[in-house]
Amino acid sequence: MIQVRHLTRRFARLVALDDVSFEIGRGEVTGFLGPNGAGKTTTLRILAGYLPASSGFASVAGYDVLRQSMEVRRRIGYLPEAVPLYGEHRVAEMLDFQGRLHGMARGERRRRVGEVLDLVGLADRARQLVGTLSRGLRQRVGLGVALLPDPEVLILDEPTSGLDPLQRIEVREIVRRLAERHTVLLSSHILPEVEAVCPRVLIIHRGRIAADGTPERLLTDLGGDAHVRFEARLEEDPAEPLRLLRALPGVREVCDRGMGGDHRRFDVSADEDLREEIGALAARHGWPLRELSWHRPTLEEVFARIALDLEHEGPEPS
Amino acid sequence: MALSTDEHAPARPTGNATRLGIAATVALNLALAAGVAGGLCWLAARPGLRARIDLTATGENTLDENARAVIDAVEGDEPIVVDTFLRPLPAPLDRITARAQQRFVGLLRLAREQRPELFRVTHHALAGAAGTSGTEARMRELGLSEVDVVVVSRGDRKEIVRFLGDVAEIDIGRPANMPGGYVPPRLLAFRGEETIVKAVLKVTQGERPYAYFSWGHGERDLYGEEPRDLGLLEAALREDGFAVKRWESDEQGAVPDDCAVLAVVAPEEALSPRETDFVREYVDRGGSLIAVPGHRLITGAGSVGELLEGYGVRVGEGVVSRPYVGAGGSPVYGIPECAEVVVRAEGMAATHPITAPLRRAERRVRLVFSRPLERGRKPTGGVLLDLLTASEFTWADLPDADGVHRWMWDEEAEREGPFSLAMTARFPPPLPGPAPPAGTMEERPESRVLGLGAPDLFANVLFETNRDFLLNAFNWAASREYRVSISPRDPDLRRLELGSGRGLFFLTMCAVVILPLSCLLFGLGVAWKRRR
Amino acid sequence: MRGALTIYRRELVGMFFGPLAWSLLCVALGLSGWLFMAVVKQSGGDVTASLRYTLGASTALLFVPPLLTMRMISEEDRSGMLEFLLTAPVSDASVVCGKFLAALSFMTLFWSSKLVYAVVIASLGVAPDWAPLLGGFLGAVFVSALFCALGLVASAAFSTPMLAAFMAFVANVVVLFLPVLAGLSESERLAELVGFLSVSAHFELFLRGVVDTSAIVFFVAWTAVALFVAVRLVEARRWR
């Protein structure tokens, strides 16, 4: 549905996008993740046909965003970060305006406005002036505007920024519902949100794609070390428990983390959760247990690590 | 996820060069657009591609059909140079004259649009720091001593048009502090086209018309500077575009073919029968004659009286006199000054081209020792017209037995005014004549005769007073006033009665209060309706 | 075309549902009404001339279009509305044209107040000369069109509405009074060129009651050029 190849965009001296390539298939819901200034908005604007790329190619629904801009614009619903709403319009009027822009007939417009108002939960606010709405409601109106032409592709730029947690959950719910019918590309710099909504995550950093995949895959591929933390009071020499732990099936590595007070701590790396086996082992040998827990890195840690790694690469030649 | 590695779009190098390139393209686009617009405007202003509709009820923006025909008919490449020396007049005339001037300038522009290659129009600045030196130089060049005029010239021929009087007649109204209250000034008549066309015709007519003055019968010297000589007239005629010559039949024989007007001015002796025949033949072929009897009353064959009588103008007996207005306003009789008669506007023919401009401009004609003229048998198919008429407070003073005038009214013997002092006769020439000059509206030539009663009317001593009358007379006689039929247009005079108060109040309320307030209320209404 | 109409409709709604248009209309109408009455009194009740004079009075022309158009592009760029409009399936040209038409409609409404005066005067029993009045009205609309387009250019070129309004005002002054300045020079060629490019001279034709195709072409062509420039400037915003 969305194809991006070797996309580069420069603003004067600044390289905002540097050879970005990715593809998003029909019906996919993709989170576009990255810190502020990473190039998310630039990418989305290029896809929406607002900005031209400096070089490279992007297409939406098979149409080149630069050369067949009109075709692309008819097929996307784009919600920019600054929600574009005319304050002096009523909610329904704003939606109706979008319908007119998309050349919808009167009856169709009326039907779609009703549907969309229900979808974003604003049916009771249809006659309120947009200017008097709260931020969360404005965001919903913005979503409604983007949704109105029933686009094949929805591009949402930071749909939850500036909202309180409750409003965020509401918006997230709406987006999740949309995922059933549309290809969605949404950007955010907040991880849990992307994790909660998107089956696929694209991480962009300093204008480059740093990672691409499902959150789980990203965790396994990049996070790597899920482990069981095992802490017990051991009288004897740690060599024996170490050996026993290593002997357990499925264990890749056991790391002795040394003594913490009377207790000795081990990190047992394995592909699976081995807490039950380790618990049984401790019980058999009468090791008094203080902690037995399954540790898994969060996407946040993965993300931070990517960011740090890239930092360590040093300034890129330009 | 598999990424295709082929280069889909060729990478466009971006940098300052590209930016410059884009800027250059945009600039080129803009220049192109401006060029196209300029070209379109230029094309649209071409006479052939231009259409215009005049929406005014008075058609004040359109040249009359006849005027267009005259301008179209102008031949030759030499440009017609029009210099305007118009200035804003002081209040309260400022607005109205400015508008009239605008209209006039607009007509000049229309003329120019019709023949762009022919007309060179320059509007000279008369006020302000800039441009006055150039204006002065041009005024010197044209020999101008007055402003508020428009000079139309071509080569060495020029015609001066006075803005007030010739082009626009303005009623100055009444100032507010006068009894009866304020009356705004208004435009009585606007003759822009007429004056332009006449001026154009005057400066474009083929060669100089010849004015011949008969010579050899005691006429006054044509070039002399004595009070009763004709030197000033001769100079003025030359200035006006005439070539002035003497006609002496002994040497030249018949009246020359190029003669446009023949003047027989105050001969003190009779013309020979041969000469009289020459004159008659000339007039009958469509010529023009101006004839004035001399001081000495001659009658019979060869006299001016006999000559004029053939065209229906009889020279009467006596000298038209009036009581001289002495100090204190009391009438004085018995002095030679009684023979000086002044004809004011009311004594002039209103429609005749000689007197109509004078009448409009409220000029006077001063005549001394004038014979009364009477209507005789008019020539076949002709028209007689009294040009100047002395008022009823005049009498035809007859000399006493000794031949001396007493300047006293003898009720029994002497006739009472009004008297005609100048008469014209026009008639279709009985004999075939030369063709009229091109470009005029003349359907066919006609013979013109102007008979005058006062021998000194043309003399240096009275010339400045009567200058316009005399030049008009020669121009008319030489067929140079070209009957250009331009229907007069009345300026728009629809006015709101300011005195009545109610209408004005209503209008003021509407314009200043109701309309803006209704907008405000409407706006408030909309705001109230959409407050949530 | 449809896009332009949609934008036009939306701009009208935005204009007349907001306070700006009405207050501007109120002030402009009040001032021009006052001027009109002053001229009527001074001209001794010559209604046709007064109406023409008020149509030709350039003050409203200089001020109102810049105030109308100042926000149309610069403000929307700041608020992000422009991003929305330029990613909607309508061309940049339709966006600019829609806004232009809205501003022009406002000016037409404003000028039609003079026709209301004329109706009132006619009802008082003095029928003004209608045809040239309509001609003058047409001319005023044409000049307004040019000035609205210039205002849009300024709005597209400058980032804040105030600056845009000021620059548009300056542009209007220059366009309207350039011939006066150029008239100070003696050069005939320059005078001819200026006459060819003079807005006031072409406007004057309309005010005199002449509908001249060349004047119409003049205004339409230069308005189109200004709109073209505005479109290019809107596009250029993307290239920055």
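Residue numbers (my numbering), protein chains in the order written: chain P, 1492 to 1809; chain W, 210 to 741; chain B, 45 to 284.
Ideal placement from N, C-alpha and C gives every residue a C-beta, glycine not left out.
Please report the Cβ distance between residue i and residue j, rounded to the nearest whole angstrom; I am assuming they are in contact, meaning their Cβ atoms lie under 8 angstroms.
i	j	result
Leu-1733 of chain P	Ile-1769 of chain P	Incorrect: roughly 12 angstroms between the Cβ atoms, too far for contact.
Ile-51 of chain B	Val-134 of chain B	7 angstroms
Val-528 of chain W	Ser-481 of chain W	Not really, about 27 angstroms apart at Cβ, beyond 8 angstroms.
Ser-497 of chain W	Ala-687 of chain W	6 angstroms
Roughly how many whole angstroms lie between the Cα atoms of residue i and residue j?
i	j	result
Leu-730 of chain W	Leu-68 of chain B	13 angstroms
Phe-294 of chain W	Gly-89 of chain B	30 angstroms
Ala-500 of chain W	Pro-476 of chain W	9 angstroms
Ala-1761 of chain P	Gly-1749 of chain P	20 angstroms
Pro-750 of chain W	Leu-56 of chain B	Chain W is shown from 210 up to 741; residue 750 of chain W falls before or after that span and cannot be answered.
Arg-692 of chain W	Ile-563 of chain W	Any reading at Arg-692 of chain W needs caution, since the residue's pLDDT is 46, under 50, leaving its predicted position unreliable; the model's value is listed next. Between Arg-692 of chain W and Ile-563 of chain W, the C-alpha separation is close to 12 angstroms.
Phe-672 of chain W	Glu-287 of chain W	34 angstroms
Phe-683 of chain W	Pro-393 of chain W	39 angstroms
Ala-82 of chain B	Ala-209 of chain B	29 angstroms
Val-261 of chain B	Val-279 of chain W	30 angstroms
Val-1574 of chain P	Gln-1630 of chain P	7 angstroms
Ala-1552 of chain P	Asp-1648 of chain P	19 angstroms
Gly-389 of chain W	Val-577 of chain W	41 angstroms
Ile-1681 of chain P	Val-1644 of chain P	22 angstroms
Arg-277 of chain W	Ala-346 of chain W	32 angstroms
Val-551 of chain W	Pro-545 of chain W	14 angstroms
Gly-612 of chain W	Glu-623 of chain W	15 angstroms
Gly-525 of chain W	Ala-599 of chain W	14 angstroms
Thr-271 of chain W	Leu-319 of chain W	8 angstroms
Arg-366 of chain W	Ala-570 of chain W	24 angstroms
Phe-602 of chain W	Val-541 of chain W	13 angstroms
Arg-575 of chain W	Ala-631 of chain W	12 angstroms
Tell me the DSSP bridge mates of residue i?
i	result
Lys-367 of chain W	W:Ser-362
Gly-1704 of chain P	P:Val-1692
Thr-331 of chain W	W:Asp-292
Asp-1762 of chain P	Its beta-bridge partners do not exist; DSSP assigns none.
Gln-1619 of chain P	Answer is none; Gln-1619 of chain P lacks a bridge partner.
Trp-604 of chain W	W:Ser-530, W:Glu-625
Met-632 of chain W	W:Asp-595, W:Gly-660
Tyr-1554 of chain P	P:Val-1551
Asp-256 of chain B	W:Arg-261
Val-524 of chain W	W:Leu-582
Ser-1546 of chain P	P:Thr-1499
Asp-380 of chain W	W:Arg-395
Going by the C-beta, is residue i closer than 6 angstroms to any heavy atom of the ligand FMN?
i	result
Glu-460 of chain W	As presented, the structure is devoid of all ligands, the ligand FMN included, so that no description of it is given.
Kindly indicate if chain C contains any beta-carbon less than 7 angstroms away from that of residue i.
i	result
Met-81 of chain B	The structure shown contains no chain C; the protein chains it does contain are P, W and B.
Go to residue i, then tell me how far its beta strand (DSSP E) extends in each direction, as first and last residue.
i	result
Pro-419 of chain W	The sequence shown places Tyr at residue 419 of chain W, not Pro. Unbroken beta strand (DSSP E) run through Tyr-419 of chain W: 419-423.
Gly-1568 of chain P	1567-1570
Gln-1494 of chain P	1493-1502
Thr-1674 of chain P	1674-1679
Ala-1723 of chain P	1718-1724
In terms of residue numbering, what span does the alpha helix (DSSP H) encompassing residue i cover?
i	result
Gln-1630 of chain P	1626-1638
Ala-558 of chain W	Taken as a continuous stretch (DSSP letters only), Ala-558 of chain W belongs to no alpha helix (DSSP H), as it is neither H nor E.
Met-125 of chain B	125-131
Ser-157 of chain B	136-167
Trp-285 of chain B	Here chain B has residues from 45 to 284 only, and residue 285 of chain B is not among them.
> When you check each C-beta in the segment 1532-1551 of chain P against every C-beta of chain B, which residues fall closer than 8 angstroms?
Replying inline: Those residues of the segment 1532-1551 of chain P that come within reach of chain B (Cβ to Cβ, closer than 8 angstroms) are Arg-1536, Ala-1539, Gly-1540, Tyr-1541, Leu-1542, Pro-1543.
> In chain order, what residues of the segment 312-333 of chain W put their CB closer than 7 angstroms to some CB of chain B?
Replying inline: Those would be Gly-315, in chain order.
> For the segment 1594-1608 of chain P, which residues have a CB atom closer than 9 angstroms to at least one CB atom of chain B, in sequence order?
Replying inline: Closer than 9 angstroms at the C-beta level to chain B, one finds these residues of the segment 1594-1608 of chain P: Gly-1594.
> Taking a cut of 7 angstroms between CB atoms, which residues from the segment 1556-1571 of chain P lie near chain B?
Replying inline: Under the 7 angstroms Cβ criterion, the segment 1556-1571 of chain P contributes Met-1561, Arg-1564, Arg-1565, Tyr-1569, Pro-1571.
>> What are the residues in the segment 83-102 of chain B lying within 8 angstroms of chain W by C-beta distance?
In response: So the list reads Val-84, Lys-85, Gln-86, Ser-87, Gly-88, Gly-89, Asp-90, Val-91, Thr-92, Ala-93, given in the order they occur along the chain.
>> Which residues of the segment 716-732 of chain W have a Cβ closer than 7 angstroms to any Cβ of chain B? Give them in chain order.
In response: Hits within the stretch, in order: Leu-716, Thr-717, Cys-719, Ala-720, Val-721, Leu-724, Pro-725, Cys-728, Leu-729, Phe-731, Gly-732.
> Which residues, taken in chain order from the segment 240-268 of chain W, show a beta carbon closer than 7 angstroms to some beta carbon of chain B?
Replying inline: So the close ones are Ala-242, Ala-243, Ala-246, Leu-249, Cys-250, Ala-253, Ala-254, Arg-259, Ala-260, Arg-261, Ile-262, Asp-263, Leu-264, Thr-265, Ala-266.
> Any residues in the segment 399-417 of chain W with a beta carbon nearer than 9 angstroms to a beta carbon of chain B? Which ones, in chain order?
Replying inline: Of all residues in the segment 399-417 of chain W, none is placed with a Cβ closer than 9 angstroms to any Cβ belonging to chain B.
> Between the segment 529-541 of chain W and chain B, which residues of the former have a C-beta closer than 8 angstroms to a C-beta of the latter?
Replying inline: Of all residues in the segment 529-541 of chain W, none has a Cβ within less than 8 angstroms of some Cβ in chain B.
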